[in-house]
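Engineer:
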Amino acid sequence: MSAALPSAVGPLARAAAGGGPGGPGHPVIPDFGAPSGCVAHDATFCTDWFTAHWTNLFWPALVQHVELTLVAVVIGFVIALAAAVLGHFQAWFAAPVSAVSSFLYTVPPLALFQLLVPATGFSVLTVEVALVAYSLYLLFTTILTGLREVPQDAVRAARGMGLTRWQILFKVEIPLAVPAIVSGLRVTTVMTIGTVAIAAYVIDEGLGSLILKALQSPFNTQFIGAGGLAVVLALAADGLLVLGGRLLTPWAHARRTA
113 MSAALPSAVG PLARAAAGGG PGGPGHPVIP DFGAPSGCVA HDATFCTDWF
163 TAHWTNLFWP ALVQHVELTL VAVVIGFVIA LAAAVLGHFQ AWFAAPVSAV
213 SSFLYTVPPL ALFQLLVPAT GFSVLTVEVA LVAYSLYLLF TTILTGLREV
263 PQDAVRAARG MGLTRWQILF KVEIPLAVPA IVSGLRVTTV MTIGTVAIAA
313 YVIDEGLGSL ILKALQSPFN TQFIGAGGLA VVLALAADGL LVLGGRLLTP
363 WAHARRTA
């Protein structure tokens with residue numbers, strides 16, 4: 113496992129091993145190019161440096177961060193939805209799923225990464241497995257709660273119209289559970305965006321990688337820029353989910369304004 117570390121995480125591993133230009137114990141200082149007045153005076157945030165490195169540094173990391181988050185949330189949602197439906201149909205199934213998912217949710221991210229590395233290595237797979245595991249508890253709980261809180265009058269009315277169990281699920285219960293489902297997706301997505309940053313200890317991808325590298329230097333622009341982008345990404349994702357939830361539940365908005 114130790115032999116795979118340098119090739120897996122590149123500069124992070126070499127920095128940890130003391131392989132920087134200053135020798136063991138010296139931080140790896142990134143090459144910032146020709147210094148501007150802002151950089152030369154070590155200002156808190158250099159807009160010109162951030163702009164100059166947007167295309168080759170910040171944008172690729174942002175795209176990687178979005179990809180890692182999206183894959184984990186989508187896979188976690190599909191698994192949680194299937195488990196919640198089974199738990200809704202068969203009450204006994206909900207307890208063990210809730211117990212396992214809640215246990216995984218309590219394991220610290222770095223500890224879970226460490227447990228997975230011997231089996232999956234320093235890879236995207238390690239990160240995605242951990243992210244999916246973290247997403248299951250919140251998604252499963254909110255989806256199951258939403259399904260169980262659907263008014264029974266609506267279910268009985270649908271049954272009286274001759275709808276089958278699965279038709280009731282897809283035409284009545286899931287649509288009425290959308291507010292709860294979206295609520296769970298919002299929390300899970302924001303949490304996953306934050307956890308992806310920690311994944312920089314495993315793979316050299318995402319905004320967390322830029323943040324981790326910036327911690328090795330007194331130059332703050334990369335740290336602030338990457339951290340700020342992570343915050344903006346979380347806010348944007350949350351806003352999109354809120355908008356999506358409103359579009360999917362126009363009846364809820366009409367009821368609130370009535």
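Counting with our numbering, you get residues 113 to 370 for the letters of the sequence shown.
The beta-carbon is built from N, C-alpha and C at its ideal position, and this holds for glycine as well.
Should Val308 go down as buried or exposed, given a rule of 16 or more other Cβ atoms within 10 Å for buried?
Structural biologist: Buried, by the Cβ-count rule.
Engineer: If I'm right that Ala346 touches Val302 with Cβ under 8 Å, what's the distance once you round it to whole angstroms?
Structural biologist: Indeed, because the Cβ distance is near 5 Å, the residues count as touching under 8 Å.
Engineer: Alpha carbon to alpha carbon, how far is Arg277 from Thr304? Give it in angstroms, no decimals.
Structural biologist: Near 34 Å, if we compare the C-alpha coordinates of Arg277 and Thr304.
Engineer: For Val262, tell me which candidate among Ser247, Tyr249, Phe282, Leu251 has the shortest Cα-Cα distance.
Structural biologist: Taking only the C-alpha atoms, the option nearest Val262 is Phe282.
Engineer: Identify whether Val262 lies in helix, strand or coil by the three-state DSSP scheme.
Structural biologist: It is coil, neither helix nor strand.
Engineer: Could you tell me which of Ala207, Gly340, Val284, Ala173 sits nearest to Thr159, measuring between CA atoms?
Structural biologist: The shortest C-alpha separation from Thr159 is found at Gly340.
Engineer: For Trp363, is the classification buried or exposed, using 16 other Cβ atoms within 10 angstroms of its Cβ as the cut-off for buried?
Structural biologist: It counts as exposed.
Engineer: Decide if the segment 280 to 294 is in contact with the segment 251 to 261; the criterion is three or more beta carbon pairs, one per stretch, under 8 Å apart.
Structural biologist: Yes, the segment 280 to 294 is in contact with the segment 251 to 261.
Engineer: Taking the continuous alpha helix (DSSP H) assigned at Asp316, which residues delimit it?
Structural biologist: Unbroken run through Asp316: none, as it is neither H nor E.
Engineer: Comparing C-alpha positions only, which one of Val244, Thr163, Val175 sits nearest to Leu319?
Structural biologist: Minimum Cα distance to Leu319 is reached at Val175.
Engineer: What's the C-alpha gap between Ala387 and Pro287?
Structural biologist: With the chain covering only 113 through 370, there is no way to say anything about residue 387.
Engineer: Just the C-alpha distance for Leu169 and Ala266, rounded to the nearest angstrom, thanks.
Structural biologist: Using only the alpha carbons, I get a separation of about 53 Å.
Engineer: Quick check: the Cα distance between Thr238 and Gly274, rounded to an integer number of angstroms?
Structural biologist: Going by the C-alpha atoms only, they are around 47 Å apart.
Engineer: Measure the C-alpha to C-alpha separation of Gly233 and Leu227 and round it to an integer number of angstroms.
Structural biologist: Rounded to whole angstroms, Gly233 to Leu227 spans 10 Å at the Cα level.
Engineer: Would you list, in sequence order, the uninterrupted alpha helix (DSSP H) runs of no fewer than 4 residues that lie entirely inside the segment 306 to 361?
Structural biologist: Here the runs fully enclosed are 319 to 326, 333 to 360.
Engineer: Are the beta-carbon atoms belonging to Gly357 and Phe162 less than 8 Å from one another?
Structural biologist: Cβ distance not < 8 Å, so Gly357 and Phe162 don't count as in contact.
Engineer: Can you tell me whether Val354 is buried or exposed, with buried defined as 16 or more other CB within 10 angstroms of its CB?
Structural biologist: When all chains shown are included, Val354 counts as exposed.
Engineer: Indicate whether Asn332 and Phe157 have their beta-carbon atoms separated by less than 8 Å.
Structural biologist: Result yes, Cβ atoms of Asn332 and Phe157 sit closer than 8 Å.
Engineer: Please identify the residue among Ala245, Val212, Ala270 whose C-alpha is closest to the C-alpha of Val183.
Structural biologist: Considering only alpha carbons, the answer is Ala245.
Engineer: Which residues mark the beginning and the end of the alpha helix (DSSP H) in which Phe234 is found?
Structural biologist: Note, Phe234: premise wrong, no alpha helix (DSSP H); not H, not E.
Engineer: If you draw a straight line from the alpha carbon of Thr181 to that of Val241, how long is it in whole angstroms?
Structural biologist: Spanning the two alpha carbons is a distance of roughly 12 Å.
Engineer: Apart from the five residues on each side of it in sequence, which residues of its chain come closer than 8 Å, Cβ to Cβ, to Gly122?
Structural biologist: Because the pLDDT at Gly122 is just 41, under 50, the model does not fix this residue reliably, and the value given afterwards should be weighed accordingly. The answer, listed in chain order, is Asp316.
Engineer: By the DSSP assignment, the alpha helix (DSSP H) with Phe282 in it spans what residues?
Structural biologist: Unbroken run through Phe282: none, as it is neither H nor E.
Engineer: I need the boundaries of the alpha helix (DSSP H) containing Trp161, first residue and last residue.
Structural biologist: Start and end: 159 to 164.
Engineer: Compare the C-alpha of Ser210 against each of Phe225, Val185, Thr254, Val186 and name the closest.
Structural biologist: For the residues Phe225, Val185, Thr254, Val186, the minimum Cα distance to Ser210 belongs to Thr254.
Engineer: To the nearest angstrom, report how far apart Thr361 and Gln279 are at their CA atoms.
Structural biologist: When rounded, the distance between both Cα atoms is 19 Å.
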